[in-house]
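The numbering of the sequence shown is the numbering used here, which starts it at 76 and goes up by one. The C-beta atom is built at its ideal place from N, Cα and C for all residues, glycine as well. Working notes for the structure below.
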Amino acid sequence: MQKSFLPLLAAVVVLAGCEKDNQSIEAREERDPSVSAGQTYMDEGDYEKAITEFKKALDNEPRMARPHLELATIYQNYQLNPIHAIYHYDRYLELRPDSEKTAFINEQKQKVFNKFAESLINSVPQVKQVMQERNQLIQQNTELKRQLATALNTQKATSAPAPGTKQTATQTIPKTAKPVAQATAPSPATSASGKHQIYHVVAGDTLSKIANKFYQDSGKWDVIFEANRDTMRTAGDLKVGQTIVIPAIGN
């Protein structure tokens, strides 16, 4: 039991030692004369002298991390040099990868980058003009959408029926066209030309029956025969469906 407890105790001692080492490193760097002097100048607002002191500390000990954090703060907020600020933030994280300030530093780096990108856009006339035109188009598009919505609402309001009134559907009744006289097949009493009629032979027909039908005189069958000699060889030459001419005769 005692033997299994010893490795665990050793691990706890090592972790505690590492944390103590980190704290001692931070404390030692802050006690460095150049770092301490640079922080004093920062408090006084003399950033040029502060930069000089922090750089002196790095010259004396390149593995120090604290001066990079202070320099990044100055270049971000006071000297306004985004490239230097990002560089010193990165150097601090390289030297202190497990720092509890990592999230804060990454957030500051993003702010510096965004501000730097904005300054680039504004410093180039062509890019600035393009961005201005883009913003104008966005505003115009928004205004057009607003006007369209207003017009649609107005149209709905004017087309809606007044309260208390019934909306009746109006129906347009097309005018009735005048009846067109339809062409009809000639009937036994009607002649297309006024001189003769057309007749279609049916079963049981003879020239005598046809003459009696049209002339009320079966003896006038020869009149019909003579009018159709071109299609009839004899008076009995009739076929069902055959078309014959019925001449008009006087009373």
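What residue from the options has the CA that sits closest to residue i's CA?
i, options, result
"A192", "I158, K288 and A286", "I158"
"F289", "A310, I324, G279 and N135", "I324"
"Y153", "I180, P172, D173 and D118", "D118"
"Q185", "N303, Y164, D312 and I321", "Y164"
"L195", "T233, I100 and N156", "N156"
"Y116", "V276, L146 and K295", "L146"
"G311", "N303, L282 and V320", "L282"
"I273", "P322, T229, L227 and R304", "P322"
"S99", "G120, G113 and M139", "M139"
"T284", "I299, K270 and K231", "Per the sequence shown, the amino acid found at residue 284 is Lys instead of Thr. Answer by Cα proximity: I299."
"L144", "D121, G120, E123 and K176", "K176"
Which same chain residues end up closer than 7 Å to residue i when comparing Cβ atoms and leaving out the 5 residues on each side of it in sequence?
i, result
"P254", "The pLDDT assigned to P254 is 44, lower than 50, so where the model puts this residue is not dependable, and the model offers no usable value."
"C93", "Here C93 scores only 48 on pLDDT, less than 50, and its place in the model should not be relied on; the value that follows carries that caveat. Nothing meets the Cβ criterion."
"A278", "V315"
"A252", "Its pLDDT being 46, under 50, A252 is placed unreliably in this model, and the value from its coordinates should be taken loosely. Correct list: empty, nothing qualifies."
"A178", "none"
"D280", "L313"
"A264", "Note that A264 has pLDDT 41, beneath the 50 cutoff, so the model's placement of it is unreliable and no number is given."
"V187", "Q151, P157, A160 and I161"
"A85", "Any reading at A85 must be qualified, since the residue scores a pLDDT of 44, below 50, and its modelled position is unreliable; the value itself is stated next. Taken in chain order, the list of residues that qualify is empty."
"R209", "none"
Is it buried or exposed for residue i, if we count other Cβ within 10 angstroms and need 16 for buried?
i, result
"Q222", "exposed"
"D292", "exposed"
"T318", "exposed"
"V315", "exposed"
"G113", "buried"
"Q215", "exposed"
"Q151", "buried"
"A224", "exposed"
"A286", "buried"
"T309", "exposed"
"R171", "buried"
"L168", "buried"
"Q204", "exposed"
"T306", "exposed"
"Q183", "buried"
If I'm right that residue i touches residue j with Cβ under 8 Å, what's the distance once you round it to whole angstroms?
i, j, result
"I161", "A125", "Contact flag wrong, Cβ pair sits at about 19 Å."
"V276", "N303", "Contact flag wrong, Cβ pair sits at about 10 Å."
For residue i, I'd like the list of residues in its chain whose CB is within less than 6 Å of its CB, leaving aside the five on either flank, ordered along the chain.
i, result
"D107", "A132"
"W296", "L282, S283 and A286"
"G294", "none"
"A260", "Only weak support exists for where A260 lies, its pLDDT of 40 falling under 50; the value from the coordinates is given anyway. Counting only Cβ-Cβ distances below 6 Å, and skipping sequence neighbours, we find nothing."
"K44", "Because residue 44 is not part of the residues shown, which for the chain are 76 to 326, the question remains open."
What does a CB cutoff of less than 8 Å around residue i pick up in its chain, not counting 5 residues either side in sequence?
i, result
"S109", "E128, F129, K131, A132, N135 and P142"
"V199", "none"
"E105", "S111, Q114 and R141"
**Study point:** Contiguous alpha helix (DSSP H) assignments of at least 4 residues, all confined to the stretch 152–225
**Key:** For the stretch 152–225, whole alpha helix (DSSP H) runs of length 4 or above, ordered along the chain, are 157–170 and 177–198.
**Study point:** Every unbroken alpha helix (DSSP H) inside the stretch 275–304 [4 residues or more]
**Key:** As far as the stretch 275–304 is concerned, its whole alpha helix (DSSP H) runs of at least 4 residues are 282–290 and 296–302.
Check your understanding: At which residue ranges does the stretch 90–154 contain complete alpha helix (DSSP H) runs of 4 or more residues, listed in the order of the chain?
Key -> 108–119, 122–135 and 141–152, all fully within the stretch 90–154.
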